[in-house]
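The structure appears right after this line, and notes come after that.
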Amino acid sequence: MRAVLVVNPKATATTAAGRDVLAHALASEVKLEILETDYRGHAMAAAAQAAVDGADLVVAHGGDGTVNEVVNGLLAGGVSESLPMLGIVPGGSANVFARSLGLPRDPVDATHQLLHALQDRRSRQVGLGRVDSDRPGDPARWFTFSAGVGWDADVVAEVDRKRGKKASPALYTRVAITQYLKPAHGRPQLTVEIPGEEPVSGLRLVFVSNTDPWTYLGTRAIHLNRRCGFDTDLGIFALRSLRLPTVLRHLRQAISRKGEQRGGKLFRRDDVPTLTITSPDPVRVQCDGDLIGERTCVKVTSERHALTVVG
50 MRAVLVVNPK
60 ATATTAAGRD
70 VLAHALASEV
80 KLEILETDYR
90 GHAMAAAAQA
100 AVDGADLVVA
110 HGGDGTVNEV
120 VNGLLAGGVS
130 ESLPMLGIVP
140 GGSANVFARS
150 LGLPRDPVDA
160 THQLLHALQD
170 RRSRQVGLGR
180 VDSDRPGDPA
190 RWFTFSAGVG
200 WDADVVAEVD
210 RKRGKKASPA
220 LYTRVAITQY
230 LKPAHGRPQL
240 TVEIPGEEPV
250 SGLRLVFVSN
260 TDPWTYLGTR
270 AIHLNRRCGF
280 DTDLGIFALR
290 SLRLPTVLRH
300 LRQAISRKGE
310 QRGGKLFRRD
320 DVPTLTITSP
330 DPVRVQCDGD
340 LIGERTCVKV
350 TSERHALTVV
360 G
């Protein structure tokens, strides 16, 4: 088996010692090539090249951003049965995709699980979400666990601007509060269109989930669409109001053990194959915590069985 290990040395929980342990362990099972990323988009390019070269496995060691880049690189030419399998060894601060797959947060434990899965030939197919660009020539952007329009994308943009600081739950919380009190782009007016249904207008934010939990705040799981999973289509969570009582109500529901979302200002759907989000003014869009730009039209599609993940 030919494998490529893509390591982000700047990720929160990656260390040179951990990388060496991972590389040594993998090299005992596969023919291994190691690549350390040193610029944004490097992991994407490496994974795309691995797919072209016919690698059997690409292992991403880093945070959700690294995993997202590797996934987008693997799928640069579209979904295919001949694509390399994906392996993940978490190395970031949140590791949402890895945790949703049931992988250990500790890189050493995750490495052991990956090796056992390779030995036992254990893998699973997972569905992903795709954001299609409304600009000619722009590639689609795949996401593993979530995409968002509005407030959360503004938070991602501001955290990205502070990239010299450690990305931590505390930083995200501070930035989220700041963006709520003083939104960078004002309060957007969003419309969601689902085939076969009447358009829903007057929305202030829209989250699209590919799995549940939607994200984590440290050890606390954040639930928006409890029935989402890698074997279903997408979940939609949208609010018609961002008044403080509404936001606090849904935040309490999101962090509760039950995680069920209810409310008069809530628009929610599960198992949606495709949807379109429009805005009269450009709004920011994020995929897996990575800002992908500003759009007035965002088409989101579910792709079942998009990738094979080892584990």
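Residues in the sequence shown are numbered consecutively from 50, following the working numbering.
The C-beta atom is built at its ideal place from N, Cα and C for all residues, glycine as well.
### Message
Is the separation between the beta-carbon of residue 71 and that of residue 110 shorter than 8 angstroms?
### Response
Indexing the sequence shown from 1 puts residue 71 at position 22. Indexing the sequence shown from 1 puts residue 110 at position 61. Result yes, Cβ atoms of residue 71 and residue 110 sit closer than 8 angstroms.
#### Entry: Range covered by the beta strand (DSSP E) that runs through residue 354
Indexing the sequence shown from 1 puts residue 354 at position 305. Following the DSSP letters along the chain, one finds residue 354 inside the beta strand (DSSP E) bounded by residues 339-359.
### Query
In chain order, which beta strand (DSSP E) runs of at least 3 residues are fully inside the segment 52-118?
80-85, 106-111, all fully within the segment 52-118.
### Task
Give a yes or no on whether the C-beta atoms belonging to residue 255 and residue 285 are separated by under 8 angstroms.
Position 206 of the sequence shown, counted from the first residue, corresponds to residue 255. Position 236 of the sequence shown, counted from the first residue, corresponds to residue 285. Yes, these two residues count as a Cβ contact at 8 angstroms.
### Identity of the residues DSSP links to residue 174 by a beta bridge
Walking along the sequence shown from the start, residue 174 turns up at place 125. DSSP, once it has assigned bridges, lists 357 as partnering residue 174.
### Span separating the alpha-carbon of residue 190 from that of residue 259
For the purposes of this step, residue 190 is taken as the residue at position 141 of the sequence shown. For the purposes of this step, residue 259 is taken as the residue at position 210 of the sequence shown. When the Cα atoms are used, residue 190 and residue 259 turn out to be separated by approximately 14 angstroms.
### Query
By Cβ distance below 6 angstroms, which residues in the same chain neighbour residue 68 in space, the five residues on each side in sequence not counted?
Start at 1 with the first residue of the sequence shown, and residue 68 comes out as number 19. Taken in chain order, the residues that qualify are 56.
### Query
For the candidate residues 150, 302, 141, 145, whose alpha-carbon lies nearest to that of residue 156?
Against the sequence shown, residue 156 aligns to sequence position 107. With distances taken between Cα atoms, residue 156 lies closest to 141.
### Query
Would you call residue 237 buried or exposed, if buried means 16 or more other Cβ atoms sit within 10 Å of its Cβ?
Here residue 237 corresponds to residue number 188 of the sequence shown, with the count starting at 1. Residue burial annotation: residue 237 is buried, with at least 16 other C-beta atoms found within 10 angstroms of its C-beta.
### Query
How would you label residue 50, buried or exposed, when you count the other beta carbons within 10 angstroms and need 16 or more for buried?
For this step, residue 50 is matched to residue 1 along the sequence shown. With fewer than 16 Cβ atoms within 10 Å of its Cβ, residue 50 is classed as exposed.
### Message
Could you tell me which whole alpha helix (DSSP H) segments of length 4 or greater appear in the segment 262-344?
### Response
Annotation: the segment 262-344 contains the following complete segments of the alpha helix (DSSP H) (minimum length 4 residues), in chain order: 293-304.
### Task
Select from 90, 96, 89 the residue whose C-alpha is nearest the C-alpha of residue 83.
The sequence position of residue 83 within the sequence shown is 34, counting from 1. Ranking the options by Cα distance to residue 83, first place goes to 96.
### Task
Could you check what DSSP says for residue 187 in three-state terms: helix, strand or coil?
Mapped onto the sequence shown, residue 187 falls at position 138. The three-state secondary structure of residue 187, taken from DSSP, is coil.
### Short Cβ contact (8 angstroms threshold) for residue 92 with residue 53
Reading the sequence shown from its first residue, position 43 is the one you call residue 92. Reading the sequence shown from its first residue, position 4 is the one you call residue 53. No, Cβ-Cβ distance for residue 92 and residue 53 is not below 8 angstroms.
### Message
Under DSSP, the beta strand (DSSP E) around residue 250 begins and ends at which residues?
### Response
Stepping through the sequence shown from its first residue, residue 250 is reached at position 201. First-last of the beta strand (DSSP E) with residue 250: 249-252.
### Query
Helix, strand or coil for residue 122 per DSSP?
If you number the sequence shown from 1, residue 122 lands on position 73. Under the three-state reduction of DSSP, residue 122 is assigned to helix.
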